[in-house]
Amino acid sequence: MDSSNVPEFTPKHGVPPRLRDYFTGASSFQRQLASVRKQTPFGQTPSRRKIPQCSPLQENIDPQKIAFLLHKQWTLYTLTPMYRFSYTNLKQYSTLLKCFLAAEKQKGLAVEMGEDFNFKVTFSTLSGMKGTHRDPAAFLIQIVSKSQQSSKNAEDKVVWTGWFCCVYGDSLLENVPDDFTCLPLFLANGAESNTALIGTWFQKTFDCRFTRLTISAFNLSWMAAMWTSCNMEHYGTATELLWSVPCSPQSLDISYAINPEDAKALWDGVHQTPEEITQEEVDLFIDCLCSHFHRHFKINLSATRLVCVSTSVASAHTDGKIKILCSKYLIGVLAFLTELAIFQIE
Amino acid sequence: MSTPEADLSLFIPIIQTNPLAWKMRQNASGFAPLNQKYGQNDKEEYNEGDALHRALEHIRTVKEKGAVEERHLQTVEDIAWKSGLAPEDIDTLLDVALSGPFDLPILLQYLIPTAFGLVQHPADGPTQWVPNPTADHCWATAEAVKTRMLKCLIPATLIPESAVVRAFSRLCASNCSNNTKVLFFRWLIAMFDFIDGKEEMNSLYGFFFSFLQEETMSCYICNFLYLLTKRENVKPFRVRKLLEFQSKVGMQPYLQALLSLYRSFCPDLITISLPPKRKFYFKTTDSIWQAAVCIVKERNQKSPLPSVKLTIGTAYSHPQKKKWNSGCVIPMPTSSHVSKEEQDEEGDSSSLEVMLSGQKSFPLEQLHTFSQLLDNIQDVELPSQMCSVLKSAPLLHYLNCIQDETVWLRLSYWMSQELKEGCTWCKVSNYTSEEEFRKFLDIIISAQCFLQEGFPSSEVFLYKSLPLWDGISCRTEYLQLLSWIPLGNFSEIKPLLCDSLTQLFFTSSIYHKCSVLYSLKQLLENWLLWHAMKVSMKSTLSISADTPMIALNSVSELIYYVGWLSTIALRLEKNSSFLLHFILDFFEMVSDMYLNYNLPLVVIFPRGVFYPALLTSDSIALNRLCYIMYRYRVNLTASKENALIYQERLKFNKTYQEFNEYVTALVDCLWTSTSFEKDHYLYIDPQILEKTKIREYKKSLNLINHPALLPYSINFLLQGWPNEKELSLSSIQKKKWNWYLDYLLLEELHGLHLFMESSLDIADSASSAHTHPAHKTPKTCMSEPV
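In order, the protein sequences belong to chains A and B.
Our numbering numbers the first residue of the first sequence as 19 and each following residue consecutively.
Our numbering numbers the first residue of the second sequence as 7 and each following residue consecutively.
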């Protein structure tokens with residue numbers, strides 16, 4: 019047994035160690051606290067960001083796997099650092115998780131480890147799905163239900179998929195000790211009940227905490243601007259913004275669709291600094307769109323709330339659902355989502 | 007399945023664990039032996055011990071002797087139910103009771119031959135049982151006797167483990183009936199805590215386990231195994247056997263309980279998730295035995311041992327109604343699902359190596375008391391979810407003595423998320439109600455009180471959520487978080503805390519103000535205690551030299567901040583005496599910092615607090631003011647000898663000056679009535695004072711006329727001279743003045759008295775009785791330390 023794993027007893031001086039002993043030097047824990055302290059009350063974000071770029075590391079990703087991740091709707095969660103997660107044990111985790119799921123589904127019946135069921139759980143790493151080499155590797159979990167027919171060509175059906183990733187997560191990584199694995203962003207597709215079970219297992223096993231990641235209107239407008247700024251060879255869909263009017267009994271949604279080329283032209287007019295996007299530019303971009311709308315329909319959109327943004331790069335909804343459409347900017351989209359996730363857990 | 011149950015209920019009716027109920031039952035049913043009869047027979051010197059000894063001797067050697075067995079059995083029963091049996095007697099009786107059917111019928115022949123009209127058998131008779139009515143009858147009677155014997159195995163103190171082991175081996179070897187076996191196991195379960203050791207029994211685990219095959223008693227075996235199982239007993243082949251058994255009997259609660267225990271020992275072999283609602287997994291334990299044991303213990307005047315406690319019960323039931331990741335749910339402590347070996351190993355975890363590695367660890371599910379923690383402290387593992395420690399006092403103790411940064415980090419990650427999710431006024435999510443959040447905060451606060459330290463995540467939460475707080479939701483709890491902010495650099499804390507707090511403070515009700523001041527007082531107290539602890543640790547740990555200065559600065563800045571708050575609050579609330587008391591509470595602690603907490607610092611309260619307290623109409627406030635002034639004097643005098651203060655004496659000069667000003671003002675007002683004169687702090691132009699048309703305005707604030715003391719002086723005159731027609735306050739002079747001072751002391755104004763004794767020049771106390779108080783001079787503190 020590794021001796022470093024055993025908690026050390028300190029009976030010598032008989033004084034309990036303090037949680038945050040400001041008499042001792044700067045531990046990583048204090049650094050974390052300090053970084054948290056620097057932040058002002060909920061809600062301040064950087065006022066300038068880089069234009070999403072594709073990462074050179076992305077080339078390492080299996081294009082088939084990328085294709086699998088695109089065009090699916092993912093529910094976003096944030097995840098606190100996982101304690102003692104190890105990439106070498108993925109196979110074992112899949113056995114444990116499978117048995118856990120089986121035991122949960124037939125509540126009250128004990129299940130032996132390694133038993134066979136009509137479904138399987140697979141863990142696989144998504145190598146290359148990272149911004150820098152420091153980012154921990156992303157990984158994917160799938161629940162596959164085995165087909166009832168014994169014939170070989172009957173395909174197994176993927177029931178649920180979820181993946182964990184961290185793209186440009188430096189601000190979080192530098193404060194966390196080695197025992198923890200930081201994959202702050204978790205994306206799930208499939209029945210909510212499965213997400214709940216798998217989330218529960220992760221929470222129990224790696225002492226982490228899942229929280230839904232919702233995207234504020236403020237961040238949605240950033241997404242609208244960032245994704246409009248992306249250079250696309252061809253545009254798949256129109257750029258569409260959805261505004262919600264708070265009125266009873268049901269809220270009213272206003273959909274605002276623009277030709278993507280027009281949106282890009284508007285952006286190019288607004289955009290000044292190369293390689294960077296500033297808060298002012300984002301505000302101006304949205305204001306222009308709103309005033310255009312006002313001119314035609316006499317509806318003041320600034321009094322409503324932006325709830326959904328969809329472009330050819332990706333589409334995002336305020337309640338934390340995202341669909342990524344373009345493989346080229348996959349990393350860029352994930353980088354922004356990672357940033358939001360880190361902001362939420364800190 | 008139901009047969010043993012039905013049979014047994016004849017002998018052991020299940021009643022409530024209530025000694026009184028048991029006694030009543032005893033009399034009503036005649037179920038227990040009749041003590042009265044016994045008493046009548048042996049009225050003269052009856053020695054219980056001798057009788058028992060004789061009876062047992064008889065029972066043991068019954069083959070040779072014979073005759074009066076029923077009476078002896080009765081004796082044993084009587085004594086057992088009355089005062090319990092000694093360990094060696096239990097040994098004897100168990101041995102006899104479980105020694106197979108071969109001996110008992112013989113015993114029976116002697117035992118009650120007349121009662122059943124039995125004829126003497128030939129010596130070798132019992133070996134070949136012939137199906138004749140007498141033999142059956144005999145067998146049944148033998149059973150009845152065994153049952154009676156087993157039933158009365160009530161320990162006076164403890165049960166020797168060796169006796170249990172011997173009895174069990176007899177049970178295995180001989181042809182005991184199912185009833186006897188079941189009764190034996192029920193007895194084992196009920197008496198498990200009274201067995202003096204479990205090691206030898208545990209070495210027979212396999213034998214006990216094999217009894218599972220007998221379906222009729224499997225629920226009792228499961229219960230017994232649940233009590234007996236240790237980690238090393240959990241083996242893959244047993245897991246497989248249990249699963250086989252499960253497939254045979256289905257979801258039986260007793261089996262689920264045993265399986266979940268196996269899971270908690272070896273989560274890598276087996277897993278089970280229990281239905282959330284069930285609370286009881288085993289049949290009710292035999293309460294009549296427990297009641298009997300209780301009565302015996304009571305009678306022997308020993309504190310009753312803790313009864314057998316099943317740990318499963320609520321431990322597994324979560325409120326599952328809520329969403330899986332909704333806030334404010336604290337799980338129960340469970341062992342880590344993925345053990346360390348698995349982490350180090352690659353791949354296959356259920357290998358033989360892991361099984362044989364003999365890793366000893368104490369399952370957290372069974373850790374309930376501090377003594378359990380002490381016994382197993384080397385084998386305690388940290389829980390899989392660190393947040394669960396908040397609910398377990400022994401685990402909090404454990405955390406307090408391990409040094410592992412990751413522990414706090416895990417807790418911190420979880421807590422900051424949970425607080426943010428649960429916080430009702432931040433509206434991150436709507437999963438939690440205010441009530442739930444309040445309970446959650448309470449748990450955190452009690453853990454903080456337990457550790458005597460605030461969690462960093464709750465501190466950060468406080469800073470982040472304070473600007474959004476309405477000042478009402480969860481006020482009590484939220485402000486308690488405030489009092490656990492760790493002692494740090496106040497200049498760092500100030501922008502995060504004070505800006506929002508100040509705004510809220512000034513704009514909310516007087517009650518809010520008072521509770522904020524109360525929390526700040528708690529905060530100061532915590533800081534002072536931390537500092538005092540650090541100072542006492544200084545000799546053992548090397549501490550950098552500048553840290554006391556940080557502490558000193560922070561404490562004094564906090565005091566200045568509260569002084570500033572108090573000054574403005576008193577004005578806003580029109581010098582409310584309710585508020586004033588909270589403020590004086592705070593400064594009472596401040597005045598005693600040097601002596602009580604060993605902090606080389608004396609901070610005097612601001613004028614904005616002193617003068618409202620001096621000019622109050624509330625006598626208690628005035629009295630407290632005097633007391634605080636007295637404590638200041640004591641502390642200042644003592645601190646003169648402190649080296650650090652001597653070094654910093656220039657800074658302290660101001661403190662002395664302030665103090666002297668206050669002493670002078672106080673004496674001017676209350677004693678010498680010179681407060682309105684020129685060069686005094688309360689100087690007011692005499693012309694203005696004339697306009698108030700108050701006669702003798704100079705004296706209007708002295709001990710007699712001060713608005714806070716006027717009732718006393720009037721009462722003094724009324725009580726002392728009830729026949730005087732005219733009340734003349736000015737008549738309180740000379741002798742009356744001294745009586746008046748005594749009267750004030752009698753009225754419990756001790757602060758005033760202490761101040762007077764310490765701060766007035768009473769060197770000429772003998773003559774002062776005759777002099778006018780105006781002649782007294784204030785005794786100020788020397789402005790420079792010696």
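C-beta atoms are modelled at their ideal positions from N, C-alpha and C, and glycine is treated no differently.
Just so you know, these numbers come straight off a predicted model, no measurement behind them.
Can you look up residue i in the DSSP assignment and give me helix, strand or coil?
| i | result |
| --- | --- |
| residue 727/B | coil |
| residue 158/A | strand |
| residue 495/B | coil |
| residue 178/B | helix |
| residue 712/B | coil |
| residue 181/A | strand |
| residue 311/A | helix |
| residue 120/B | With a pLDDT of 38 at residue 120/B, under the threshold of 50, the modelled position of that residue is not reliable, and the figure given next carries that caveat. Looking at residue 120/B - three-state DSSP - the assignment turns out to be helix. |
| residue 780/B | The predicted position of residue 780/B is uncertain, since its pLDDT is 42 and thus under 50; no value can be drawn from it. |
| residue 338/B | coil |
| residue 283/B | coil |
| residue 84/A | helix |
| residue 261/A | strand |
| residue 674/B | helix |
| residue 185/B | helix |
| residue 271/A | strand |
How many angstroms separate the CA atom of residue i from the CA atom of residue j?
| i | j | result |
| --- | --- | --- |
| residue 599/B | residue 509/B | 29 Å |
| residue 703/B | residue 715/B | 16 Å |
| residue 296/A | residue 267/B | 58 Å |
| residue 137/A | residue 212/A | 13 Å |
| residue 507/B | residue 590/B | 20 Å |
| residue 308/A | residue 318/A | 7 Å |
| residue 413/B | residue 405/B | 8 Å |
| residue 204/A | residue 94/A | 6 Å |
| residue 362/A | residue 466/B | 13 Å |
| residue 613/B | residue 665/B | 11 Å |
| residue 196/A | residue 100/A | 11 Å |
| residue 438/B | residue 183/A | 29 Å |
| residue 198/B | residue 226/A | 39 Å |
| residue 468/B | residue 487/B | 7 Å |
| residue 103/B | residue 203/B | 22 Å |
| residue 793/B | residue 386/B | Lying before the first or after the last residue shown, residue 793/B is absent from chain B, which here runs from 7 to 792. |
| residue 455/B | residue 559/B | 25 Å |
| residue 287/A | residue 293/A | 15 Å |
| residue 570/B | residue 609/B | 13 Å |
So, is residue i buried or exposed, given that buried needs 16 or more other C-beta atoms within 10 angstroms?
| i | result |
| --- | --- |
| residue 265/B | buried |
| residue 252/A | exposed |
| residue 532/B | buried |
| residue 78/A | exposed |
| residue 294/B | buried |
Give the C-beta separation of residue i and residue j to the nearest angstrom, bearing in mind that I take them to be a contact with Cβ-Cβ under 8 Å.
| i | j | result |
| --- | --- | --- |
| residue 401/B | residue 496/B | Their Cβ separation, rounded to whole angstroms, is 33 Å, which puts residue 401/B and residue 496/B out of contact at 8 Å. |
| residue 178/B | residue 83/B | Between residue 83/B and residue 178/B the Cβ distance is about 27 Å, and since that is not below 8 Å, they are no contact. |
So does residue i have its beta carbon nearer than 7 Å to some heavy atom of the ligand ATP?
| i | result |
| --- | --- |
| residue 720/B | Absence of the ligand ATP is noted for the structure shown, with no ligands found whatsoever. |
Exercise. Got a sec: which bits of the stretch 93 to 106 of chain A sit with their beta carbon under 7 Å from any beta carbon on chain B, in order along the chain?
Worked result: Here the close residues are 98, 99, 101, 102, 104, 106.
Problem set entry | Near-chain B residues of the stretch 189 to 209 of chain A - C-beta to any C-beta below 7 Å | Per Cβ criterion, the list reads 195, 197.
Exercise. Looking at chain B, which residues of the stretch 307 to 340 of chain A have a Cβ within less than 7 Å of any of its Cβ atoms?
Worked result: Hits within the stretch: zero.
Exercise. Which of the residues in the stretch 128 to 156 of chain A, read from start to end, lie with their CB under 8 Å from any CB of chain B?
Worked result: 128, 129, 130, 131, 132
For this session: Identify each residue in the stretch 273 to 300 of chain B for which the Cβ-Cβ distance to at least one residue of chain A is less than 7 Å, and report them in chain order.
Result: Answer in chain order: 274, 275, 276, 277, 278, 279, 280, 281.
Problem set entry | Contact set between the stretch 615 to 645 of chain B and chain A, restricted to residues whose Cβ is under 9 Å from the partner | Taking 9 Å as the upper bound on Cβ-Cβ separation, chain A lies near no residue of the stretch 615 to 645 of chain B.
Problem set entry | Members of the stretch 240 to 255 of chain B that neighbour chain A once the beta carbon cut-off is set at 8 Å | 245, 246, 248, 249, 252
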